[in-house]
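Before any comments, here is the structure.
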Amino acid sequence: MKSSADSSLWRHRDVRLYWAGQASDVLGSSLSSVAIPLVAVVSLHATTWEAAVLAAVQKTPPLLFSLPAGAWCDRVRKRPLMMATSLISAAAMASIPLAASYDRLALMQLWVAAFVVGSCHVVGMTASLSYIPHLLPPHRLLEANAKLAGANTLADIGGPALAGALIGLIGAARAVAADAVSYLVTAWCTLRIRSPEAAPSPRSARPSLCSDIRAGLAYTWRHPVIGPLVTTNAITSTVLAGTNAIWVVYLIRELNWSPQAFAIVMSIGASGGFLASLTTPRLAARYRAGPVMITALTLAPASQLPLLLADPGLAGQLGIGCGLFAQLFGAVTHGLTQRTVRQRACTPDMQGRMQATGQWTAFGLRPCAALLAGYAGTTLGLRTTLALGACLLILPPLRLALTPIRTLRLAAT
Numbered sequence: 002m003k004s005s006a007d008s009s010l011w012r013h014r015d016v017r018l019y020w021a022g023q024a025s026d027v028l029g030s031s032l033s034s035v036a037i038p039l040v041a042v043v044s045l046h047a048t049t050w051e052a053a054v055l056a057a058v059q060k061t062p063p064l065l066f067s068l069p070a071g072a073w074c075d076r077v078r079k080r081p082l083m084m085a086t087s088l089i090s091a092a093a094m095a096s097i098p099l100a101a102s103y104d105r106l107a108l109m110q111l112w113v114a115a116f117v118v119g120s121c122h123v124v125g126m127t128a129s130l131s132y133i134p135h136l137l138p139p140h141r142l143l144e145a146n147a148k149l150a151g152a153n154t155l156a157d158i159g160g161p162a163l164a165g166a167l168i169g170l171i172g173a174a175r176a177v178a179a180d181a182v183s184y185l186v187t188a189w190c191t192l193r194i195r196s197p198e199a200a201p202s203p204r205s206a207r208p209s210l211c212s213d214i215r216a217g218l219a220y221t222w223r224h225p226v227i228g229p230l231v232t233t234n235a236i237t238s239t240v241l242a243g244t245n246a247i248w249v250v251y252l253i254r255e256l257n258w259s260p261q262a263f264a265i266v267m268s269i270g271a272s273g274g275f276l277a278s279l280t281t282p283r284l285a286a287r288y289r290a291g292p293v294m295i296t297a298l299t300l301a302p303a304s305q306l307p308l309l310l311a312d313p314g315l316a317g318q319l320g321i322g323c324g325l326f327a328q329l330f331g332a333v334t335h336g337l338t339q340r341t342v343r344q345r346a347c348t349p350d351m352q353g354r355m356q357a358t359g360q361w362t363a364f365g366l367r368p369c370a371a372l373l374a375g376y377a378g379t380t381l382g383l384r385t386t387l388a389l390g391a392c393l394l395i396l397p398p399l400r401l402a403l404t405p406i407r408t409l410r411l412a413a414t
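Reminder that position 318 of the sequence shown reads as 319 in the working numbering, one-by-one numbering, no gaps.
Written out as structure tokens, the structure reads:
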């Protein structure tokens, strides 16, 4: 429903359906982001290295499939791709509680399911992000992204809390079934969207897939605005992939957290992202997009201090929760602002490839980072490895501050 009307986006039926579908997806994914590592560490007694391998497997698909997915999304209608990837992901997640019910669950199945879902996520996310400009005009994109971020962070708040409750009642493996249901809801909501999507250009008029990929890479990296944003995201994403691969082991084994405490603190931290979804449009309008993004990035290294200084007990849990709150506030503020900037700066025929190049650049090194963190955590110690990650997070805001983006403003039209 492409319209330039300034009425509330909640009046747009298709935007509501898109919003609900994405929120359901994130709710289930946030639940399984707690449940699956706990299945590995608590139920299957995974070592630090095996937990890092699981994280690496989850992060490998963007490296393999982002670029082809972007070229593919620019060649076909995006909505059918979104539905297909949701249905495949539902089947993969449903296999985990099914195997657990027969006492057949093993680490290998977790790795395979994580790879399948991660691969579907690459294609589905590329299609989803490049589909938004088909629903709304450019000047409504920041508002739409903020509402989506609000839904996502509310789901991130509810997901860990729901995970904690379900894990306590039925166990971590069976709690993953809720993620399978969430993917089915996403597919149903996407199916009901009525807005027409322009047909792609005829196949005979297109260059090869490899040529499309090369064109997307060149366009994204050489763009004076999109290029620096993509490379900055890559630094941040790579570092956090490493630290996130081992921090569950750190909290459970070194700080003696229970799975329920972990889920509750995750929910507290996620509320920072929800606050960011409410405040970012006003912050960007008042202080300009560039300064807002740089300031938001500086919260990442500062937010690691409570994690490094915490001792076992309630005080440490509250401190880490506050640090996670600040980290996710900054992450969502930066994320939805830079996403809007990129969507508005990109030409329509490059939306899929631009989004895919961004994913590939940001996520491509995450498997290596997870494995490196697993090795470093085993040899240097978990706390030392997390401290090194905190130091590296100083680089992204410095990188962005050295470009003209530091004065960037979002135009009102």
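We put the CB at the ideal spot given by N, CA and C, even for glycine. Just so we're clear, the structure is a prediction, and the values are computed from it rather than from any experiment.
- With a minimum length of 4 residues, the unbroken runs of alpha helix (DSSP H) contained wholly in the region 267-352 fall at 290-304, 306-310 and 315-346.
- Within its own chain, the residues whose Cβ lies closer than 7 Å to the Cβ of Ala242, once the five positions on either side in sequence are excluded, are Lys60, Arg367, Ala370 and Ala371, listed in chain order.
- If you draw a straight line from the Cα of Val293 to the Cα of Pro405, it comes to about 14 Å.
- In this structure, Ala52 is the residue among Gly165, Ala52, Leu88 and Asn146 with its C-alpha nearest to the C-alpha of Trp112.
- A direct Cα-Cα distance of roughly 36 Å separates Ala100 from Ala332.
- With fewer than 16 other Cβ atoms inside 10 Å of its own Cβ, Ala316 counts as exposed.
- A straight-line Cα-Cα distance of about 18 Å links Gly217 and Pro134.
- Linking Ala181 to Arg215 through their CA atoms gives a straight-line distance of about 35 Å.
- With respect to the C-alpha of Val250, the residue from Ala176, Leu170, His46 and Ile227 having the closest C-alpha is His46.
- Boundaries for Ile406: no alpha helix (DSSP H) harbours it, and the DSSP string shows neither H nor E there.
- Taking the CA atoms as reference points, Asp75 sits about 29 Å from Thr281.
- Take the alpha-carbon of Ala286 and the one of Phe275: they are about 18 Å apart.
- In its chain, beyond the 5 residues on either side, Ala188, Thr191 and Leu192 have a beta carbon closer than 7 Å to the beta carbon of Met84.
- Within the same chain, and ignoring the five residues on either side of Ser33 in sequence, the residues whose Cβ sits closer than 6 Å to its Cβ are Val177 and Asp180.
- With contacts defined by Cβ atoms closer than 8 Å, Asn234 and Ala363 form a contacting pair.
- The C-alpha of Thr386 lies about 47 Å from the C-alpha of His13.
- Annotation: the continuous alpha helix (DSSP H) that includes Leu65 extends over Thr49 to Cys74.
- One Cα belongs to Asp350, the other to Leu337, and the distance between them is close to 21 Å.
- Cβ-Cβ distances below 8 Å link Leu55 to Ile37, Pro38, Ala41, Ala47, Leu108, Leu111, Trp112 and Ala115 in the same chain, with the five nearest sequence neighbours on each side left out; the list follows chain order.
- Going by beta carbons, Ala174 and Ile97 fall inside the 8 Å limit.
- Across the set Leu88, Val231 and Gln318, the C-alpha of Gln318 shows the shortest separation from the C-alpha of Ala264.
- In its chain, beyond the 5 residues on either side, Ser278, Val333 and Leu337 have a beta carbon closer than 6 Å to the beta carbon of Ala150.
- Within 10 angstroms of the beta-carbon of Tyr132 lie 16 or more other beta-carbons, which makes it buried.
- In chain order, Val35, Ala36, Leu39, Ala176, Pro260, Gln261 and Ala264 place their CB closer than 8 Å to the CB of Ile168, counting only its own chain and leaving out the 5 sequence neighbours on each side.
- Where Asn257 is concerned, there is no enclosing alpha helix (DSSP H), because DSSP gives it neither an H nor an E.
- When rounded, the separation of the alpha-carbon atoms in Leu396 and Gln305 is 14 Å.
- DSSP places Asp26 within a helical segment (H, G or I) once states are collapsed to three.
- Per the coordinates, the alpha-carbon of Trp248 lies some 14 Å from the alpha-carbon of Val43.
- Taken through DSSP and simplified to helix, strand or coil, Ala107 comes out as coil.
- For Arg175, the enclosing alpha helix (DSSP H) starts and ends at Ala173 to Ala176.
- Listed in chain order, the non-local C-beta contacts of Ala327 below 8 Å within the same chain comprise Gly273, Leu300, Ala303 and Ser304, local neighbours out to five positions each way being set aside.
- Taking every protein chain shown into account, the CB of Asn257 has fewer than 16 other CB atoms within 10 angstroms, so this residue is exposed.
- Shortest Cα-Cα distance from Arg384 to any of Ala402, Ala290, Pro313 and Glu255 involves Glu255.
- Between the C-alpha atoms of Leu403 and Gly291 there is a straight-line separation of about 11 Å.
- If you check the CB distance, Gly322 and Ile236 do not come in under 8 Å.
- For Leu185, the closest alpha carbon among the candidates Thr127, Ala91 and Leu308 is that of Ala91.
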